[in-house]
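The first sequence runs -14 to 867 under our numbering.
Each residue gets a CB set at the ideal place from its N, CA and C atoms; glycine is no exception.
The model shown is predicted, which means the values in this text are computed figures rather than measured ones.
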Amino acid sequence: MAELPKAYDPAEVEDDLYRDWEQAGLFHAEPDDPGEPFSIVIPPPNVTGSLHIGHALTNAVEDAMIRHAKMHGKNAVWVPGTDHAGIATQNVVERQLEEEGLTRHDLGREAFLERVWEWREESGGVILTQLRKLGCALDWEREAFTFDEPRSRAVREVFVGLHEQGLIYRGYRLINWCPRCATALSDIEVDHEEVDGEMAHFVYPYADRDGGVEVATTRAETMLGDTAIAVHPDDERYTEMVGRTVTHPFFDRELPIIADEHVDPEFGTGAVKITPAHDPNDYDIGERHDLEVIDILTDDAVVNDNGGPFAGMDRFEARRAVKEALDEKGLLREVEAHTHQVGHCSRCGTVIEPRLSEQWFVEVRPLADKAIAAVHDGRTRLIPKRYTKPFLEWLENLHDWCISRQIWWGHRIPAWYCPDGHVTVARDDPDECAECGKGELTQDEDVLDTWFSSQLWPFTVFGWEAPGDTTPELETWYPTSILETGYDINTFWVSRMLMIGLWFLDEVPFEIVWNHGMVRDAEGKKMSKSFGNVIDPLDFIERYGADALRFALFQHCSPGQDVPLAEEWVEGGRRFANKLWNATRFALGTLDDTKPGGLPDADDLTLEDRWILSRLAAVRERVDGAYERYEWSIIAQSLYHFAWDELADWYLEAAKVRLYGDDETARQTARQVLAYVLERLLRLMHPVMPFLTEALWRALTGEPGGERSLMATEWPSEAGRSDEDAERDFAVIEDLVTQLRKFRSQNDVAPSKRFDVRLVTERAELLDRQRELVTSLAGLSELEFVDAVADDAGVAKIVFGAGEAYVELAGLIDVEAELARLEKELGKAQDDLERSQGKLANDAFVENAPDEVVQQERDRSSELERVIREVQEQMGALRELA
RNA sequence: GGGGUGUUAGCUCAGUCGGCUAGAGCGCUUGCUCGACACGCAAGAGGUCGUAGGUUCGAUUCCUACACACCCCACCA
């Protein structure tokens, strides 16, 4: 094998390795492949997107799961694909048009859609290419798109099916309207944010007497659509007013005062203005009392003709104008500051307008009930468990789902209207009205919520297009083994997949929902463009390597916990990769032609061999356990600790005695053990750092790659060998060596300077056998075992767990030089102390400086006093010696 | 308003069933070109485990209350 370069250069190997795996078919699986089925479907990223750090986390984790499963001999498949992401994608293309000074309406529906498809063809696949950079073992032959032909057929089938079952209906309802996107949204596409606003109080004058009813509102302009005043039925203040009317200040309209349980008498004046067209509660009240509904806004939230003198004003402009007009009429009472929650469009941030509108809905209750049952009886489990409760509560309180969107990019609603207004919902485009037989049908202009198609993902990717469909893929891989995703889309996506999967396939789409956290910056803050703390994973991959990024993510990733990420962590990942690279380089330089294989005869194993094999068994067990619980941080940290601290720092150093010695048998034993341990470690690490381990494994084993890749090897389920005796004995060595090194460091004995040690120890027999090891690791010349050593100023006594070590100081320490050094140290400390005490003696300082600063100075003084005492003691001892 | 999470070293986090001297990375200090690695080696400093109680032989770990921080959900104008 060619010699490895001195440092690991990820860019040099990553792309080639990926291509090699792919060409060898290691990413691909067929239903009839051997092994227990294991499947994951990728949370399809938006075609618009480019890889962000959240994708990197999800996909690194899923990749590790897939590689782990494959190494366990499972028939593992990971299906890639993208989401057409209705509004998000449409917005992107609309923004492009804007730069050309165009709107989608200038192009018209067809040309616009062509344009979006074009754009998707050009740049829509970028994100998938980026996933390759991360190392993802995705089965590219199975790539799917939520808006491709097979998926579209399934969407249509599901829509028509639910409609036939009466679970999809069209109706006038109050929905969330985004005036910028000009479309309806579902409840969860609205983000509530606290906003500082105003609560305006004003009076509706009674129609038939003096005075009036005071009401309060944060959205004054809605009063243009008010059609009643409501009070609580038991509110005595208003009892006699119920049934009377007030007059509208701007219109020739009388509003009845009605009684409704919904009103909270404690809040405000206890009287509420009712705007059925623009407030969900008011709408319900309007239904109960059969109130008139007056819509006062246009699609883009401008006051319409119903707003009389305010028509043409933007809603916020109208808000001010209405208040002014009320004030002029002497009806405005007070305007108080009021912070409240305001809904914003989750796609563009525009303030949402509740609005009455005709839309398509899914009646979710029956579907949700099935999902609830599945979670209750454990057919689907959420990890961590704590997400279960909010998940269930959400399902229990679910309102019907508004699925129609007034945009163009998406699955067109398969409903047609005849001139008489009859509705035909059909699997195939109809020629005539199902009700009256008339032709000249026009299709509904709207498209479906993007989540309506992505909810079908876990089975449409396996070929499901209609109820009853079965394919080998479905039979093998559905339900999927695990659904891994951020907790932020449990409601958007996970819940809907669960509901619809149960409804149409009568089976949960996944047994486990494993939630990772959100990637944060180094301070634990949310990453956002406005903060400027966004990390670009591709940039990091380029600079540090995919494995370094992956490792940094894994290190902090445990169920449900947010993952802090900073450049230093990724740098740490690269350092670790480099460490392993160099450990392997060392091995290659010393192994000669020895390839990894089995272990030598147990009789030939030395203490350090038995120890590292035992540690290997331990880390393997720990990693296996952590995999069962998906505790990535434990997996990463255990591997790190084993590879760096135990293998590199201790075992390699210990093995050098034999590897560089001249006992051929011993050398061969060391080589075999080293090759064995390293090879097993690379396997254990492969799911976490696939590129690095693959490159090193090929160098180590001489295997050619392709089908004979590390990726295709078996998980080392039996690696290592537990050995308590070896662990206990090696701990004695570690302890002694560490204490001796400490002595060396504290006394400034040069690392190259060897010295003699006499030991008084209960483990003389062990240490005598391991004399060479100890001497080598601690840099000793002689090791002598004695029964006792008399107290003597010239001898240092070093205590360790199994006894004491004694070192002659004479000749070891350069007394003069050491005294000079200490003299200098003492001088500096005394100067510092003098200055510090001077400060403290200064009353002005003590009086005026902040308490903590004064305290700091006091602490400093006493610390300096302590240092001075210690240095003086040391100098005393040294003088005695000289 | 409801629900949840967290509070451990300067920073970011581990800490499995309550039990040896509470760990890691980064940062910091000191010394080292020791035949893999200065992307390194060795040694070190640094923690009243948020506060107050309780259970226990023993609590960072379990319970209660409180404080602070963060997150999610929610149609009180």
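> In chain order, what residues of the same chain lie with their CB nearer than 7 Å to the CB of alanine 507, ignoring the 5 residues before and after it?
Replying inline: Here the question's residue 507 lines up with position 522 in the first sequence. Here the set comprises Pro549, Ala551.
> If you draw a straight line from the alpha carbon of leucine 341 to that of aspartate 264, how long is it in whole angstroms?
Replying inline: The residue you call residue 341 lines up with position 356 of the first sequence. The residue you call residue 264 lines up with position 279 of the first sequence. Their backbone Cα atoms lie some 9 Å apart in a straight line.
>> Between the segment 722 to 741 and the segment 617 to 632, can you find at least three pairs of beta-carbon atoms closer than 8 Å?
In response: These segments do not touch.
> Pick from Ala45, Met50, Asp124: whose alpha carbon is nearest that of glutamate 15?
Replying inline: Mapped onto the first sequence, residue 15 falls at position 30. Cα-wise, what sits closest to glutamate 15 is Asp124.
>> Just to confirm, is the Cβ distance from leucine 811 to phenylalanine 770 under 7 Å?
In response: Taking the first residue of the first sequence as 1, we reach residue 811 at position 826. Taking the first residue of the first sequence as 1, we reach residue 770 at position 785. No.
>> Going by DSSP, what residue range makes up the beta strand (DSSP E) through lysine 868?
In response: Outside the modelled stretch of the chain, which goes from -14 to 867, sits residue 868, for which no answer is possible.
> In three-state DSSP terms, what is proline 339?
Replying inline: For the purposes of this step, residue 339 is taken as the residue at position 354 of the first sequence. In this structure, proline 339 counts as strand in the three-state DSSP scheme.
> Hey, arginine 754 and leucine 768: beta-carbon distance below 7 Å or not?
Replying inline: Here residue 754 corresponds to residue number 769 of the first sequence, with the count starting at 1. Here residue 768 corresponds to residue number 783 of the first sequence, with the count starting at 1. No.
> Looking at C-beta atoms only, is the number of pairs between the segment 452 to 466 and the segment 107 to 122 that lie closer than 8 Å three or more?
Replying inline: no
>> Within 10 Å of its beta-carbon, does tyrosine 157 have 16 or more other beta-carbons around it, so buried, or fewer, so exposed?
In response: Counting from one through the first sequence, the residue named residue 157 turns up at place 172. Per the 10 Å Cβ criterion, exposed.
>> Am I right that proline 701 and leucine 663 are in contact with their C-beta atoms under 8 Å? What's the rounded C-beta distance?
In response: For this step, residue 701 is matched to residue 716 along the first sequence. For this step, residue 663 is matched to residue 678 along the first sequence. No, proline 701 and leucine 663 are not in contact; Cβ-Cβ is about 12 Å, not under 8 Å.
>> One question on the structure: do glutamate 712 and serine 599 come within less than 7 Å of each other, judged by their Cβ atoms?
In response: On the first sequence, residue 712 is found 727 positions in, with the first residue counted as 1. On the first sequence, residue 599 is found 614 positions in, with the first residue counted as 1. In this structure, serine 599 lies closer than 7 Å to glutamate 712 by Cβ.
> Can you give the beta carbon distance from leucine 632 to isoleucine 597, rounded, assuming they're within the 8 Å contact cut?
Replying inline: Start at 1 with the first residue of the first sequence, and residue 632 comes out as number 647. Start at 1 with the first residue of the first sequence, and residue 597 comes out as number 612. Leucine 632 to isoleucine 597, Cβ: 7 Å. Contact.
> What number of angstroms, rounded off, separates the C-alpha of lysine 374 from the C-alpha of glycine 363?
Replying inline: In the first sequence, residue 374 corresponds to position 389, counting from 1. In the first sequence, residue 363 corresponds to position 378, counting from 1. Taking the straight line from one Cα to the other gives about 13 Å.
> In this structure, does DSSP put methionine 56 in helix, strand or coil?
Replying inline: Locating residue 56 in the first sequence gives position 71, where the first residue counts as 1. The answer is helix: DSSP assigns methionine 56 an H, G or I state.
>> Can you give me the C-alpha to C-alpha distance between valine 307 and glutamate 206, rounded to a whole angstrom?
In response: Taking the first sequence and counting its residues from 1, one reaches residue 307 at position 322. Taking the first sequence and counting its residues from 1, one reaches residue 206 at position 221. Their Cα atoms are separated by approximately 6 Å.
> Under a three-way DSSP split, which group does alanine 640 fall into?
Replying inline: To locate residue 640, count along the first sequence from 1; it is residue 655. Three-state DSSP puts alanine 640 in a helix.
> Considering only C-alpha positions, which residue in the set Thr760, Val493, His541, Tyr615 is nearest to glutamate 638?
Replying inline: As a first step, residue 638 must be located in the first sequence, where it is residue number 653. Measuring from the Cα of glutamate 638, the nearest candidate turns out to be Thr760.
>> Beta-carbon within less than 6 Å of glutamine 440's beta-carbon, same chain only, minus the 5 sequence neighbours each way: which residues are those?
In response: Your numbering for residue 440 matches position 455 in the first sequence. Around glutamine 440: Arg481, Met482, Ile485.
> Nearest CA to the CA of serine 694: which residue from Leu11, Val101, Ala(-8), Pro190?
Replying inline: Within the first sequence, residue 694 is the residue found at index 709, counting from 1. It is Leu11 whose Cα lies nearest to the Cα of serine 694.
> Mapping DSSP to helix, strand and coil, what is proline 404?
Replying inline: Walking along the first sequence from the start, residue 404 turns up at place 419. The answer is coil: DSSP assigns proline 404 none of H, G, I, E or B.
>> Helix, strand or coil for arginine 155? Go by DSSP, reduced to three states.
In response: For the purposes of this step, residue 155 is taken as the residue at position 170 of the first sequence. Here arginine 155 sits in strand by DSSP.
> Is it right to say glycine 687 is buried, meaning 16 or more other beta carbons lie within 10 angstroms of its own, or is it exposed?
Replying inline: By 1-based counting over the first sequence, the position of residue 687 is 702. Exposed: under 16 other Cβ atoms inside 10 Å.
>> Just to confirm, is the Cβ distance from glycine 705 to leucine 601 under 7 Å?
In response: Counting from one through the first sequence, the residue named residue 705 turns up at place 720. Counting from one through the first sequence, the residue named residue 601 turns up at place 616. Their beta carbons are under 7 Å apart, which means glycine 705 touches leucine 601 by this criterion.
> Do the segment 284 to 294 and the segment 238 to 255 touch if we need at least three Cβ pairs shorter than 8 Å?
Replying inline: no
> Looking at the unbroken alpha helix (DSSP H) that takes in threonine 74, where does it start and where does it end?
Replying inline: Translated into positions along the first sequence, residue 74 becomes position 89. From DSSP, the alpha helix (DSSP H) with threonine 74 extends over 71 to 84.
>> For glycine 764 and lysine 738, I'd like the C-alpha separation in whole angstroms.
In response: As a working note, residue 764 is residue 779 in the first sequence. As a working note, residue 738 is residue 753 in the first sequence. Taking the straight line from one Cα to the other gives about 7 Å.
> Roughly how many whole angstroms lie between the Cα atoms of methionine -14 and alanine 684?
Replying inline: Position 1 of the first sequence, counted from the first residue, corresponds to residue -14. Position 699 of the first sequence, counted from the first residue, corresponds to residue 684. With a pLDDT of only 44 at methionine -14, under 50, the local geometry of the prediction cannot be trusted, and no value is derived from it.
>> Assuming tryptophan 442 is part of the alpha helix (DSSP H), what are its boundary residues?
In response: In the first sequence, the residue the question calls residue 442 occupies position 457. Its alpha helix (DSSP H) spans residues 442 to 445.
>> With the cut-off set at 7 Å, would you say phenylalanine 676 and glutamate 7 are in Cβ contact?
In response: Locating residue 676 in the first sequence gives position 691, counting from the first residue. Locating residue 7 in the first sequence gives position 22, counting from the first residue. Going by C-beta atoms, phenylalanine 676 is not nearer than 7 Å to glutamate 7.
>> Under 8 Å: do the segment 143 to 158 and the segment 312 to 324 share three or more Cβ pairs, one atom per stretch?
In response: no
> Can you give the Cα-Cα distance for alanine 628 and aspartate 714, rounded to whole angstroms?
Replying inline: Stepping through the first sequence from its first residue, residue 628 is reached at position 643. Stepping through the first sequence from its first residue, residue 714 is reached at position 729. Using only the alpha carbons, I get a separation of about 21 Å.
> Hey, quick one: how far does the beta strand (DSSP E) through serine 766 stretch, first residue to last?
Replying inline: Within the first sequence, residue 766 is the residue found at index 781, counting from 1. For serine 766, the enclosing beta strand (DSSP E) stretches over residues 765 to 770.
>> On a Cα-Cα basis, can you pick out the residue from Thr203, Cys166, Leu170, Glu199 that is closest to glutamate 183?
In response: Position 198 of the first sequence, counted from the start, is the residue given in the question as residue 183. For the residues Thr203, Cys166, Leu170, Glu199, the minimum Cα distance to glutamate 183 belongs to Thr203.
> Excluding sequence positions up to five away, which residues of its chain have a Cβ less than 8 Å from the Cβ of alanine 192?
Replying inline: Here residue 192 corresponds to residue number 207 of the first sequence, with the count starting at 1. Cβ within range, chain order: Arg229, Thr230, Val231, Thr232, Glu239.
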